[in-house]
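Student: One structure follows; several queries about it will come next.
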Amino acid sequence: DLAAWQRGLRAQFPIVTANPDLAYLDSAATAQKPQPVLDAVMTYLTGENANAARGTYPWANRTTARVEQARDRLRAFLGDPDPGRSGVHFVSGATEGLRTVARDWLTPQLRDGDEIVVAHADHRANIVAWQEAADVARARGDRVTLVPMPYDGAHDYDAARLADLVTPRTRLIAATHVHHVYGNDMHVSRLRAAAGPGVPICLDAAQSVGHMPVSVAELDADFLVFSGHKAMALPGTGAIWSRNRRGPVFRPGGWQGTPNTAGIVSLAAALDWLDMAGLDQIAAWTRDLAARLTNGLAGLDAYEVLGCQTSLTAESAVQRRQGIVTFRHRAIGSNDLGFILAADGFLIRADGHCQGEEGEKTSSVRVSLHVHNTVEEIDRLIDRLAALNDA
Ligand code: PMP
7 DLAAWQRGLR
17 AQFPIVTANP
27 DLAYLDSAAT
37 AQKPQPVLDA
47 VMTYLTGENA
57 NAARGTYPWA
67 NRTTARVEQA
77 RDRLRAFLGD
87 PDPGRSGVHF
97 VSGATEGLRT
107 VARDWLTPQL
117 RDGDEIVVAH
127 ADHRANIVAW
137 QEAADVARAR
147 GDRVTLVPMP
157 YDGAHDYDAA
167 RLADLVTPRT
177 RLIAATHVHH
187 VYGNDMHVSR
197 LRAAAGPGVP
207 ICLDAAQSVG
217 HMPVSVAELD
227 ADFLVFSGHK
237 AMALPGTGAI
247 WSRNRRGPVF
257 RPGGWQGTPN
267 TAGIVSLAAA
277 LDWLDMAGLD
287 QIAAWTRDLA
297 ARLTNGLAGL
307 DAYEVLGCQT
317 SLTAESAVQR
327 RQGIVTFRHR
337 AIGSNDLGFI
347 LAADGFLIRA
357 DGHCQGEEGE
367 KTSSVRVSLH
377 VHNTVEEIDR
387 LIDRLAALND
397 A
């Protein structure tokens, strides 16, 4: 049964069990680490820590092998249909990953008149990277424009309208898999049909990898970038998966510099743990908690939930809200609400959430969930929010 399954997993997060009075509700910023991930790092650092691709002694060789195994582990985790062709490049997180694709892969190919399609409502990391590519091209005399992808916050990308935006000059479509403020699954697998077979698609999967099953075969993207630390690996981890870029095609970080070996070990261990736990069940658990919170807020007139308004449970809905619920109080500022909730042990994010232009307008409070969160935590939060309803 699901409750027993969840209790068993929750017990594996030492930071959670050590702090029973705190509810960690900020997994979209960074995820907590289960004990087996911490153990894997300790075993590595105390057993065979060495630099990779350097030595002639066993620790160095084993470290090199661990990094290569982690690449293969990630390919398998992402359901890579052609692991003999794809590339895995380790980075410090989604921001560096997106900038690396932009700088090392896209920028050199940009020519005068080229276009990049990107949604202004996405995370700033997924806008700035492409803006910089366009700026570098412009500085050398090639005018490159960013074409805004239609998206109103309450739905997924408007794939029908996207088809009109794609021209022979479209060099890339930059999309987000799950939105970090609205929590929507953006249904990016539909983008391929709208884009046609020849246009590269780069996905920011920072909020999906580690939270739900992610299959690069299904998504049909050319690049998929994510943050390992949001998928229960150590801080300073992340990766770029690329459909056909096997080998160290990007600048340092591959074998041209010292990789984050302990971080990479933690990432492989985190992927093992997530597979063991079951990503379908994790996604269902966090979606149900999000729906419970959304329902609770629907009964409190002081609160406005951003993004899709419907409370969604699993398969029934077209726009599925994943484990993220973002809202505002009509009278209490979002930062104040954040402090009030923190004083009561609810660790949540309050501000503009690094969203592009939108974020500046819409300061809000975000609750983001993972498998260690409980129904009791959500009900306690709803009670606290209800007590503030008439403030
Ligand atoms: N994209 C999205 C959708 C995100 O949620 C985040 C993290 N908030 C990032 C990119 C940036 O990730 P990182 O800070 O790990 O580089």
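If you want the UniProt record's numbering, it's the position in the sequence shown, counting the first as 1, plus 6. By construction, the Cβ of each residue, glycine as well, lies at the ideal position given by its N, Cα and C atoms.
1) Starting from the N-terminal side, write out each stretch of the beta strand (DSSP E) that is 3 residues or longer and does not extend beyond the region 161 to 234.
2) Please name the residue in A58, D389 and H95 whose C-alpha comes closest to that of F232.
3) DSSP puts P361 in a beta bridge; with which residues?
4) What three-state label does DSSP hand Y63 in the structure shown?
5) Are the beta-carbon atoms belonging to L387 and L31 less than 9 Å from one another?
6) State the CB to CB distance for the pair T332 and R372, rounded to an integer number of angstroms; the pair is presumed to be in contact (CB under 8 Å).
7) Is it the case that the CB of E138 approaches a heavy atom of ligand 1 more closely than 8 Å?
8) In whole angstroms, give me the CA-to-CA distance for P20 and R72.
9) Quick one: is the Cβ of K236 within less than 8 Å of any heavy atom of ligand 3?
10) Thinking L51 and A268 are a contact (beta carbons under 8 Å), I'd like their distance in whole angstroms, please.
11) Here's a check: name, in chain order, each residue in its chain whose Cβ is nearer than 6 Å to the Cβ of A323, leaving out the five neighbours to either side.
12) At a cut-off of 8 Å, is S272 close to ligand 1 when judged by its beta-carbon and the heavy atoms of the ligand?
13) Which same chain residues end up closer than 8 Å to V381 when comparing Cβ atoms and leaving out the 5 residues on each side of it in sequence?
14) Can you give the Cα-Cα distance for A17 and D78, rounded to whole angstroms?
15) Quick test of your reading: T106 and I246, contact by CB under 8 Å. State the CB separation rounded to the nearest angstrom.
16) In whole angstroms, what is the alpha-carbon distance linking W291 and L312?
17) Residue range of the alpha helix (DSSP H) that T264 falls in?
18) Buried or exposed for R149, going by 16 or more other Cβ atoms inside 10 Å?
19) Is it buried or exposed, L318, if we count other Cβ atoms within 10 angstroms and call 16 or more buried?
20) Along the chain, which unbroken stretches of the beta strand (DSSP E) at least 3 residues long are found entirely within the region 281 to 340?
21) With 16 other CB atoms within 10 Å as the buried threshold, where does E224 fall?
22) What are the boundary residues of the beta strand (DSSP E) that includes A245?
23) Taking only three categories from DSSP, how would you classify D32?
Tutor: To lay it out plainly:
1) 176 to 182, 207 to 210 and 229 to 233
2) Indexing the sequence shown from 1 puts residue 232 at position 226. Of A58, D389 and H95, the residue nearest in Cα terms is H95.
3) Mapped onto the sequence shown, residue 361 falls at position 355. As written in the sequence, residue 361 is Gln, which differs from the Pro given in the question. Q361 is bridged to H129.
4) Counting from one through the sequence shown, the residue named residue 63 turns up at place 57. Note: Y63 maps to coil in three-state DSSP.
5) Position 381 of the sequence shown, counted from the start, is the residue given in the question as residue 387. Position 25 of the sequence shown, counted from the start, is the residue given in the question as residue 31. Contact: yes.
6) Within the sequence shown, the letter at position 326 stands for residue 332. Within the sequence shown, the letter at position 366 stands for residue 372. Their Cβ separation, rounded to whole angstroms, is 4 Å, which keeps T332 and R372 in contact under 8 Å.
7) For the purposes of this step, residue 138 is taken as residue 132 along the sequence shown, with counting starting at 1. No; taking the cut-off as 8 Å, the Cβ of E138 has no heavy atom of ligand 1 nearer than that.
8) The residue given as residue 20 occupies position 14 in the sequence shown. The residue given as residue 72 occupies position 66 in the sequence shown. Approximately 25 Å, taken between the alpha carbons.
9) Within the structure as shown, ligand 3 is missing, the only ligands being ligand 1.
10) Locating residue 51 in the sequence shown gives position 45, counting from the first residue. Locating residue 268 in the sequence shown gives position 262, counting from the first residue. About 6 Å separates the CB atoms of L51 and A268; that is less than 8 Å, so the two are in contact.
11) Taking the first residue of the sequence shown as 1, we reach residue 323 at position 317. Summary for A323: the model assigns pLDDT 48, below 50, so the residue's position carries little reliability; its value from the coordinates is reported in the next sentence. There are no such residues.
12) Counting from one through the sequence shown, the residue named residue 272 turns up at place 266. S272 Cβ: outside cutoff for every heavy atom of ligand 1.
13) As a working mapping, residue 381 is identified with position 375 in the sequence shown. Excluding residues within five positions, the ones whose Cβ falls inside 8 Å are L295 and R298.
14) In the sequence shown, counting from the first residue as 1, residue 17 sits at position 11. In the sequence shown, counting from the first residue as 1, residue 78 sits at position 72. Those two C-alpha atoms are separated by around 29 Å.
15) Your numbering for residue 106 matches position 100 in the sequence shown. Your numbering for residue 246 matches position 240 in the sequence shown. Going by Cβ atoms, the distance from T106 to I246 rounds to 6 Å, so yes, they are a contact pair.
16) One-based indexing of the sequence shown puts residue 291 at position 285. One-based indexing of the sequence shown puts residue 312 at position 306. W291 and L312: Cα-Cα distance of roughly 21 Å.
17) Numbered from its first residue, the sequence shown carries residue 264 at position 258. Run containing T264: none; DSSP gives neither H nor E here.
18) Numbered from its first residue, the sequence shown carries residue 149 at position 143. R149 comes out exposed.
19) Start at 1 with the first residue of the sequence shown, and residue 318 comes out as number 312. Because L318 carries a pLDDT of 44, less than 50, the predicted location of this residue cannot be relied on, and the following value inherits that uncertainty. Burial call: buried.
20) 309 to 311 and 330 to 335
21) By one-based count along the sequence shown, residue 224 stands at place 218. Under this definition E224 is an exposed residue.
22) Here residue 245 refers to the residue found at position 239 when the sequence shown is read from its first residue. Looking at the DSSP string, the run of the beta strand (DSSP E) that includes A245 is G244 to S248.
23) Reading the sequence shown from its first residue, position 26 is the one you call residue 32. D32: strand per DSSP, three-state reduction.
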